[in-house]
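Peer 1: As numbered in our numbering, residues 384 to 1005 make up the sequence shown, in order.
Using N, Cα and C, we set each Cβ at its ideal position, and we do this for glycine too.
Quick one: this structure, given as structure tokens, is what I'll be asking you about.
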Amino acid sequence: MLLKIVSFIASMILLLTATVSVPEKPDVFVETLDGLSENRTADEINGANGTKFFIQRPKAEKLTTVNASEFGLAEENEDNFAAFQSALNYCALNPQTKLIIDKGTYYFRSTNGLDANNCTDLLIEGNDATFVFSSTDYRFFIRNSDCVEIRNLNVDWNWKESPLASVVTVQNSNADTNTLDLVFKDAEYCDENCRLMAITQCDPETYTFGAKYSSKEVYLYQDETNIKSFQKISDNTLRVTHNGCMNGFEDGETYILRHYVYNGTVFNLRDYSKNITFDNVSIYGSPGMAYICEGNSSHFQIINSFIGVNPEHKESRCVSLTADAIHIVNTDGCFNISGCDISGMGDDAVNVHDGLGYVSSVNGNTLTLIASAMRLEAGDTVAFKNDKFENSDLTAKIVSVKDIDWITKEVVVEALPESVTEGWTAYNTECNSGNYVIRNNYFHENRARGLLLQSSNGLCENNRFFKTMAQAIKVVMDIEPTLWQEGTGVDNLIIRNNTFEKCNYSDWGSVIEIGTNIAGKSAETAVFTNIEISSNTFTDIPSMLMRVNNVNGLVFSGNTVDVGGFFDEKIAVIGDGRGGHTESLSFFRQIADADSAVEQTEFGMTMKMDEIRHRSSSLGAG
């Protein structure tokens, strides 16, 4: 069945209501390129609604060449950390350097992270070399640097010493005794000393994350009582005794058992670094993420690159990373992700956001914030949103910050506005991870979402999304007080000319979702404005196509939907929204049968608006 959404313009509903107006388009960020150094070139990045910025790259012919082998980098070394760090130290002291790595395989075993600190006009030419890491403490830091490019480099994890994950099948599941057997597809990974960190149902045919219509999983490490004991009872079988957390697992089901979660990162961009390019970089394995971009870094790009299982080991490896592929948080934005192939992760492909602080208590000028990923530094200014997540225009300057634990911070400010109280949220005005382009990428076969877009002024176009376990794109402001606090709202986002196939494979909700979660509740205001979803193609939809909450100024236009026959269960047409006031807008669906005959049938979409004039709706396909 083919559905053609002829022209659904949701913002028109607001025009029909005298008391509500469509928000004005914001001023876009337009950067000029003045005084470019003769040692640099620049990529012009054109984004949403005229947004423009430049990412500078070192000009190879202007650089002095040095070979990493001169510092001792060699394939025969058991650990190349000291050698390559020496090369990076040289580059920091000698701007305008081209560091050449000879093709080969180089092992790194040190618990220290490589550190490119205070580098300027540096080009690292990998020549298709491969770096293989063994330590979960490893990170390749790029700090306080300007105009650095890494290209033609491969990065892998040492699976021979410690596999990242295993494919297992459940047998002898017994809810009475809280036991089950995990039968390993590869017996060599069955080890009575192995780490049981997370277990997620997978496709039994492809061994990729997500089972059709099902998403059983347990993050075992989050509760030390989850696993009571386990023992190896045969060459390929572990018998697990648990606390009941796996009683829903059934015999014959196939799972990916992760032995690591959030245990390491390949590249860590931070400390105001800018003009950073990763070009043709392949990351085959990491016990955590591939990229973390943070620390008010800006003007960075990942282009023509690959994150996925090493093609040479497709039969024995089931994951590329155990967590997100690209995590962008508390930056100054202006980034580009284009021409990449990203798959096999244990979490989202791309997560873009700035951190929030959830106010748990107030005592004078002291705030207790639940803030796992918020930048909090003396001298910074925080702004506040009330418990309905409405902007308050209230601010305070930070005097000091004290860590109570990994997630709780005691923050003293110069003068706290009297109305700020428990249940409010704070965000750092120094951070803005907006102004970005995500274009011409292939996101596929990973756990969780394709894109988590939680920052403004973004363009997502010409991408292919295939078999994401959860939503292909989720636009969200999300506060789970004990886990994460992300997103300050989104304005000016364009999602166009993308293809979505078999997305939301495990039926977590919808293919595209826009909404809020504040400690289990939705915001009571519009936190998302001016969002356009146009000219996309959706095929093989398991349930809901789209779910929307808390949006003002939504355009859904010119999209083509082919429900397909892969998911043969009932598909929802309209989901329930929230709010009181209702307006309806009709549009058409075209249904093509096997004989290519077409009938045109009218069906409706219900839009709901509450007293605060946010819109809440759900759009499905039928």
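Can you give me the start and stop residues for the alpha helix (DSSP H) that Val473 sits inside?
Peer 2: As a first step, residue 473 must be located in the sequence shown, where it is residue number 90. The sequence shown places Tyr at residue 473, rather than the Val named in the question. That run of the alpha helix (DSSP H) goes 464 to 476.
Peer 1: Indicate the three-state DSSP secondary structure (helix, strand or coil) for Tyr645 in the structure shown.
Peer 2: Within the sequence shown, the letter at position 262 stands for residue 645. DSSP places Tyr645 in coil when its eight states are reduced to three.
Peer 1: Using 8 Å as the Cβ pair cut-off and three pairs as the minimum, do the segment 571 to 582 and the segment 605 to 618 touch?
Peer 2: Touching, per the Cβ criterion.
Peer 1: Within the continuous beta strand (DSSP E) that includes Trp867, where are the two ends?
Peer 2: Here residue 867 corresponds to residue number 484 of the sequence shown, with the count starting at 1. 867 to 869 is the span of the beta strand (DSSP E), which, as asked, contains Trp867.
Peer 1: Does the structure place the segment 723 to 743 close enough to the segment 442 to 453 that three or more beta carbon pairs sit under 8 Å?
Peer 2: The segment 442 to 453 is not in contact with the segment 723 to 743.
Peer 1: Between the segment 718 to 732 and the segment 786 to 797, do at least 3 Cβ pairs fall closer than 8 Å?
Peer 2: Not touching, per the Cβ criterion.
Peer 1: Candidates Trp540, Ser598, Ile610: which alpha carbon is nearest Thr560's?
Peer 2: Taking the first residue of the sequence shown as 1, we reach residue 560 at position 177. With distances taken between Cα atoms, Thr560 lies closest to Ile610.
Peer 1: Quick one: which unbroken beta strand (DSSP E) runs of 3-plus residues sit fully inside the segment 805 to 832? Chain order, please.
Peer 2: Taking only runs of at least 3 residues, the beta strand (DSSP E) segments lying wholly in the segment 805 to 832 are 808 to 811, 819 to 822, 825 to 827.
Peer 1: Alpha carbon to alpha carbon, what distance is there between Phe921 and Phe849?
Peer 2: Here residue 849 refers to the residue found at position 466 of the sequence shown. Here residue 921 refers to the residue found at position 538 of the sequence shown. Their Cα atoms are separated by approximately 10 Å.
Peer 1: On the three-state DSSP scale, how would you describe Ala909?
Peer 2: Stepping through the sequence shown from its first residue, residue 909 is reached at position 526. Reduced to three states, the DSSP call for Ala909 is coil.
Peer 1: Between Ser905 and Asn932, how many whole angstroms is the CB-CB distance? I'm expecting something under 8 Å.
Peer 2: Residue numbering aside, residue 905 sits at position 522 when the sequence shown is read from its first letter. Residue numbering aside, residue 932 sits at position 549 when the sequence shown is read from its first letter. Rounded, the Cβ-Cβ distance is 6 Å, consistent with contact.
Peer 1: Report the three-state DSSP secondary structure of Glu844 (helix, strand or coil).
Peer 2: Here residue 844 refers to the residue found at position 461 when the sequence shown is read from its first residue. Residue state, collapsed to three classes: strand.
Peer 1: With three or more beta-carbon pairs closer than 8 Å as the criterion, would you say the segment 629 to 643 touches the segment 653 to 667?
Peer 2: Cβ pair count under 8 Å is below three, so no.
Peer 1: Grab the span of the beta strand (DSSP E) containing Cys530 for me, first residue to last.
Peer 2: Here residue 530 corresponds to residue number 147 of the sequence shown, with the count starting at 1. 529 to 540 is the extent of the beta strand (DSSP E) around Cys530.
Peer 1: Would you kindly check if the distance between the Cβ of Tyr643 and the Cβ of Pro670 is under 7 Å?
Peer 2: Within the sequence shown, the letter at position 287 stands for residue 670. Within the sequence shown, the letter at position 260 stands for residue 643. In this structure, Tyr643 lies closer than 7 Å to Pro670 by Cβ.
Peer 1: Please tell me whether Asn501 and Ala475 are closer than 7 Å, where the distance is taken between their beta carbons.
Peer 2: By 1-based counting over the sequence shown, the position of residue 501 is 118. By 1-based counting over the sequence shown, the position of residue 475 is 92. Contact: yes.
Peer 1: Around the C-beta of Glu677, are 16 or more other C-beta atoms found within 10 angstroms, so that it is buried, or is it exposed?
Peer 2: Taking the first residue of the sequence shown as 1, we reach residue 677 at position 294. Glu677 is buried by the Cβ-count criterion.
Peer 1: Here's the rule I'm using: 16 or more other beta-carbon atoms within 10 Å means buried, otherwise exposed. How should Gly963 be labelled?
Peer 2: As a working mapping, residue 963 is identified with position 580 in the sequence shown. With a pLDDT of only 23 at Gly963, under 50, the local geometry of the prediction cannot be trusted, and the value read off the model is given with reservation. When all chains shown are included, Gly963 counts as exposed.
Peer 1: Mind the definition here: the segment 427 to 434 touches the segment 457 to 474 only if three or more C-beta pairs lie below 8 Å; say whether that holds.
Peer 2: Result no; under three Cβ-Cβ pairs closer than 8 Å.
Peer 1: In angstroms with no decimal places, state the Cα-to-Cα distance between Cys717 and Ser598.
Peer 2: Stepping through the sequence shown from its first residue, residue 717 is reached at position 334. Stepping through the sequence shown from its first residue, residue 598 is reached at position 215. Taking the straight line from one Cα to the other gives about 35 Å.
Peer 1: Would you say Asn846 and Asn824 are within 7 Å of each other, going by their C-beta atoms?
Peer 2: Counting from 1 along the sequence shown, the entry for residue 846 is found at position 463. Counting from 1 along the sequence shown, the entry for residue 824 is found at position 441. Cβ atoms of Asn846 and Asn824: closer than 7 Å.
Peer 1: Under 7 Å, do Asn422 and Gln479 count as touching if we go by C-beta distance?
Peer 2: The residue given as residue 422 occupies position 39 in the sequence shown. The residue given as residue 479 occupies position 96 in the sequence shown. Yes. Within cutoff.
Peer 1: Using the C-alpha atoms, what's the distance from Glu863 back to Ala779?
Peer 2: Position 396 of the sequence shown, counted from the start, is the residue given in the question as residue 779. Position 480 of the sequence shown, counted from the start, is the residue given in the question as residue 863. In a straight line, the C-alpha of Ala779 is about 24 Å away from that of Glu863.
Peer 1: Which full runs of the beta strand (DSSP E) of 3+ residues lie inside the segment 565 to 626, going along the chain?
Peer 2: For the segment 565 to 626, whole beta strand (DSSP E) runs of length 3 or above, ordered along the chain, are 581 to 584, 610 to 617, 620 to 625.
Peer 1: For Val873, write down the residues that DSSP places opposite it in a beta bridge.
Peer 2: Position 490 of the sequence shown holds residue 873. Paired residue(s): Phe911.
Peer 1: Between Arg440 and Thr660, what straight-line distance do the alpha-carbon atoms span, to the nearest angstrom?
Peer 2: Taking the sequence shown and counting its residues from 1, one reaches residue 440 at position 57. Taking the sequence shown and counting its residues from 1, one reaches residue 660 at position 277. When rounded, the distance between both Cα atoms is 7 Å.
Peer 1: In terms of residue numbering, what span does the beta strand (DSSP E) encompassing Met929 cover?
Peer 2: Within the sequence shown, numbered from 1, the residue matching residue 929 stands at position 546. It spans 927 to 940 - the beta strand (DSSP E) in which Met929 sits, taken as one unbroken run.
Peer 1: Considering Glu710, what are the terminal residues of the beta strand (DSSP E) in which it resides?
Peer 2: As a first step, residue 710 must be located in the sequence shown, where it is residue number 327. Here residue 710 turns out to be His, not Glu, going by the sequence shown. Residues 709 to 712.
Peer 1: Is the separation between the beta-carbon of Phe726 and that of Glu805 shorter than 7 Å?
Peer 2: Residue 726 sits at position 343 when you count from the first residue of the sequence shown. Residue 805 sits at position 422 when you count from the first residue of the sequence shown. According to the sequence as given, residue 726 is Ser; it is not Phe. Going by C-beta atoms, Ser726 is not nearer than 7 Å to Glu805.
Peer 1: Counting beta carbon pairs with one atom in the segment 769 to 789 and one in the segment 814 to 834, are three or more of them shorter than 8 Å?
Peer 2: These segments do not touch.
Peer 1: Between Val566 and the rest of its own chain, which residues show a CB-CB distance below 7 Å, the 5 nearest in sequence each way excluded?
Peer 2: In the sequence shown, the residue the question calls residue 566 occupies position 183. Closer than 7 Å at Cβ, skipping near neighbours: Val551, Thr552, Gln554, Asn619, Thr620.
Peer 1: With C-beta atoms as the reference, is Asn880 less than 7 Å away from Leu799?
Peer 2: Translated into positions along the sequence shown, residue 880 becomes position 497. Translated into positions along the sequence shown, residue 799 becomes position 416. No. Outside cutoff.
Peer 1: So, Ile856 versus Ile895, is the Cβ gap smaller than 7 Å?
Peer 2: Here residue 856 corresponds to residue number 473 of the sequence shown, with the count starting at 1. Here residue 895 corresponds to residue number 512 of the sequence shown, with the count starting at 1. Yes.
Peer 1: Assign Gly948 to one of three DSSP states: helix, strand, or coil.
Peer 2: Taking the sequence shown and counting its residues from 1, the one referred to as residue 948 is at position 565. Residue state, collapsed to three classes: coil.
Peer 1: Excluding the 5 residues flanking Phe689 on each side, which residues of the same chain have their C-beta closer than 6 Å to its C-beta?
Peer 2: Your numbering for residue 689 matches position 306 in the sequence shown. These residues qualify, in order along the chain: Ser665, Asp724.
Peer 1: Let's test the definition: count the other Cβ atoms within 10 Å of the Cβ of Tyr596 and tell me whether it reaches 16, buried, or not, exposed.
Peer 2: The residue given as residue 596 occupies position 213 in the sequence shown. Under this definition Tyr596 is an exposed residue.
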